[in-house]
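J.: Numbered according to this note's numbering, the sequence shown spans residues 17 to 329.
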Amino acid sequence: MTEAWALESDGQLALGPVRVRVPAKINLHLSVGPLRGDGYHELQTVYHAISIFDEITARHGDSLVLTMQGEGQGELELDDRNLVVRAAQALATSAKVEPKARLHLRKQIPLAAGLAGGSADAAATLVACDALWGTGYSRADLAKIAETLGSDVPFLLHGGTALGTGRGEAVSPVLARANKWHWVVAFADGGLSTPEVYRELDRLRAAGAAPKPLGSADALLAALRQRDPAELGAALGNDLEAAAVSLKPELAATLQAGRKEGGAHAALVSGSGPTCVFLATDATHGEQIAEAVSPHARSVHLAQGPVPGARVG
Ligand code: ATP
17 MTEAWALESD GQLALGPVRV RVPAKINLHL SVGPLRGDGY HELQTVYHAI
67 SIFDEITARH GDSLVLTMQG EGQGELELDD RNLVVRAAQA LATSAKVEPK
117 ARLHLRKQIP LAAGLAGGSA DAAATLVACD ALWGTGYSRA DLAKIAETLG
167 SDVPFLLHGG TALGTGRGEA VSPVLARANK WHWVVAFADG GLSTPEVYRE
217 LDRLRAAGAA PKPLGSADAL LAALRQRDPA ELGAALGNDL EAAAVSLKPE
267 LAATLQAGRK EGGAHAALVS GSGPTCVFLA TDATHGEQIA EAVSPHARSV
317 HLAQGPVPGA RVG
């Protein structure tokens, strides 16, 4: 069998390995509304895909097997608790094909970091297996399956910058200028469990100790139509930040270092944390912020956004 890369999913069975790259996400705006009857909070969020990537390579095989390297190696279970395996199984069931593939995950997005790495891997797997098996699904078909796998998975198929509502699964693209924004991304030691961070926010709110809820994303959406990082910086916000900092108090020093010493336009916790992100004017400013933040972080990365979602190639 030849090892030619498949370039597009066109309903044809791919002969060789299919490689799919998928970005991490940050939330430029994350407004957490009341707890719903189904146990989820009502969200209004602006997702933004940045240039830190995981990669899935899919090959034909006799059964469904997952191997991995990189972030989380040795910690992340590779059986059907892994979102990669669950995504492959969900696509196979829907498309009525045998779930047979050898999948390899190269992971740069840390675990439980508020960057939706697991959701990214699920989105990448849907795209890779769709091409490998020649299911010929449209993006809309894949998005329906994505929704069943997790709230952030539909966005990671899509990428770019998008508004998420409901529990985050209903995504629509945001009208924005074709800007590239420069981000500094600080990985922390250890992760935070998303459900625990939401519970901590509920606790802080019940005790009257949480900051005023952010509410509407209108100011952020308006700032995205301009080119001014100071304006965008002033409009960024995350209702989960207080809860993440309450569970991991050392994040306060990380945020402070980027803001004060690095002169970032904004410093905020990404999603449920503990990753912190900082907005820079350009790559040179990004280096300056990275230097200020690095004593407080496990590692620091420069990234740009927006970038496309899960894509073959
Ligand atoms: P989110 O912001 O979507 O809650 P996160 O970035 O905080 O996500 P993830 O790394 O996406 O966290 O996943 C959290 C948990 O999901 C992990 O601790 C792990 O137990 C489980 N998981 C299952 N599959 C994967 C995967 N492929 N990559 C990462 N985590 C996975």
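Glycine residues also receive a C-beta, built at the ideal position from the N, C-alpha and C atoms.
#1: Between which two residues does the alpha helix (DSSP H) harbouring A239 extend?
#2: Can you tell me the Cα-Cα spacing of R215 and E71, whole angstroms?
#3: Using a threshold of 7 angstroms, is the CB atom of T210 nearer than that to any non-hydrogen atom of the ligand ATP?
#4: Closest to G249 by C-alpha separation, out of L240, R155 and L256, would be which residue?
#5: Check whether the Cβ of R221 lies closer than 7 angstroms to any heavy atom of the ligand ATP, and answer yes or no.
#6: If distances are taken between C-alpha atoms only, which option among R52, H120, E58 and G55 comes closest to V81?
#7: Taking its Cβ as the centre, do 16 or more other Cβ atoms sit within 10 Å of E185, making it buried, or is it exposed?
#8: What does DSSP give as the partner residue(s) for K276 in the beta ladder?
#9: Would you please state the rounded distance, in angstroms, between the beta carbons of R118 and D205? I believe it to be under 8 angstroms.
#10: Mind reading off the beta-carbon distance from A129 to T291? Whole number of angstroms is fine, and I expect it under 8 angstroms.
#11: For Y214, name the three-state secondary structure that DSSP assigns.
#12: Comparing the CB of G206 with every heavy atom of the ligand ATP, is any distance shorter than 7 angstroms?
#13: Less than 7 angstroms between the CB of V100 and some heavy atom of the ligand ATP, yes or no?
#14: Could you spell out the range, first to last residue, of the alpha helix (DSSP H) harbouring K116?
#15: Are there 16 or more other CB atoms within 10 angstroms of the CB of Q89, so buried, or fewer, so exposed?
T.: Taking the geometry as given:
#1: The residue labelled residue 239 in the question sits at position 223 within the sequence shown. Boundaries of the alpha helix (DSSP H) harbouring A239: D234 to L240, taken from the DSSP string.
#2: Looking up residue 215 in the sequence shown gives position 199. Looking up residue 71 in the sequence shown gives position 55. Roughly 32 angstroms separates the two Cα atoms.
#3: Start at 1 with the first residue of the sequence shown, and residue 210 comes out as number 194. Yes, the beta carbon of T210 sits closer than 7 angstroms to at least one heavy atom of the ligand ATP.
#4: Residue numbering aside, residue 249 sits at position 233 when the sequence shown is read from its first letter. The shortest C-alpha separation from G249 is found at L240.
#5: Walking along the sequence shown from the start, residue 221 turns up at place 205. Result no, Cβ not under 7 angstroms from the ligand ATP.
#6: The sequence position of residue 81 within the sequence shown is 65, counting from 1. Nearest option by C-alpha distance: H120.
#7: As a first step, residue 185 is located in the sequence shown; it is residue number 169 there, counting from the start. Around the C-beta of E185, 16 or more other C-beta atoms lie within 10 Å, and the residue is accordingly described as buried.
#8: As a position in the sequence shown, residue 276 is number 260, starting the count at 1. Partner residues in a beta bridge of K276, as assigned by DSSP, do not exist.
#9: Counting from 1 along the sequence shown, the entry for residue 118 is found at position 102. Counting from 1 along the sequence shown, the entry for residue 205 is found at position 189. The Cβ separation is near 33 angstroms, so there is no contact.
#10: Stepping through the sequence shown from its first residue, residue 129 is reached at position 113. Stepping through the sequence shown from its first residue, residue 291 is reached at position 275. Going by Cβ atoms, the distance from A129 to T291 rounds to 5 angstroms, so yes, they are a contact pair.
#11: Indexing the sequence shown from 1 puts residue 214 at position 198. Reduced to three states, the DSSP call for Y214 is helix.
#12: Residue 206 sits at position 190 when you count from the first residue of the sequence shown. Relative to the ligand ATP, the beta carbon of G206 is positioned no closer than 7 angstroms to any heavy atom.
#13: Locating residue 100 in the sequence shown gives position 84, where the first residue counts as 1. Yes.
#14: On the sequence shown, residue 116 is found 100 positions in, with the first residue counted as 1. No alpha helix (DSSP H) holds K116; DSSP gives it neither H nor E.
#15: On the sequence shown, residue 89 is found 73 positions in, with the first residue counted as 1. With fewer than 16 Cβ atoms within 10 Å of its Cβ, Q89 is classed as exposed.
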